[in-house]
C-alpha cells in the first residue's frame, strides 16, 4: 500500500514538472514567433514611416521586436504564475 502511495505521489510531482517544462517550452516558442512578427511589422512600419534609411528605421524595427518579445514574455510569465497558483490550491 505504501508503494502505491509513493508511486502516486511521485507521478503527481512528475506531472507538475512536465507541466512547467511544457509551459516554458511553449513560452520560448511564443517568444521567438512574437519577436519575429514584431520585427517584421516594425520593419514594414519603418519603410512606410521613414523615407531615408539610417538609424530611424533601425530604431522602429528594434522597437517592434521589443514589443513582440515583451508581449510573449509577459504571457509566459502569467501562464507560469497561474500554473503555480493552481498547484498551491
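Numbering (our numbering), first residue to last: 14 to 102. All residues carry an ideal CB built from backbone N, CA and C; glycine is no exception.
Nearest-angstrom Cβ-Cβ length linking residue 44 and residue 85, presumed shorter than 8 Å: If you number the chain shown from 1, residue 44 lands on position 31. If you number the chain shown from 1, residue 85 lands on position 72. So it is a contact: roughly 4 Å between Cβ atoms.
Spatially closest choice to residue 35 from 81, 65, 92 and 50, by CA coordinates: Numbered from its first residue, the chain shown carries residue 35 at position 22. Scanning 81, 65, 92 and 50 for the CA closest to the CA of residue 35 turns up 92.
Among 42, 33, 54 and 82, nearest to residue 73 - alpha-carbon criterion: As a first step, residue 73 is located in the chain shown; it is residue number 60 there, counting from the start. Comparing Cα-Cα distances from residue 73 to each of 42, 33, 54 and 82, the minimum goes to 54.
Candidates 47, 60, 32 and 30: closest to residue 88 by CA position: One-based indexing of the chain shown puts residue 88 at position 75. That would be 47, whose Cα lies nearest to the Cα of residue 88.
Coarse secondary structure for residue 38, derived from DSSP in three states: Stepping through the chain shown from its first residue, residue 38 is reached at position 25. Three-state result, residue 38: helix.
Check whether residue 81 and residue 57 have beta carbons under 9 Å apart: The sequence position of residue 81 within the chain shown is 68, counting from 1. The sequence position of residue 57 within the chain shown is 44, counting from 1. Cβ atoms of residue 81 and residue 57: not closer than 9 Å.
Residue 90 and residue 71 closer than 9 Å at C-beta: For the purposes of this step, residue 90 is taken as residue 77 along the chain shown, with counting starting at 1. For the purposes of this step, residue 71 is taken as residue 58 along the chain shown, with counting starting at 1. No. Outside cutoff.
DSSP state of residue 79 mapped onto helix, strand, coil: Taking the first residue of the chain shown as 1, we reach residue 79 at position 66. Note: residue 79 maps to helix in three-state DSSP.
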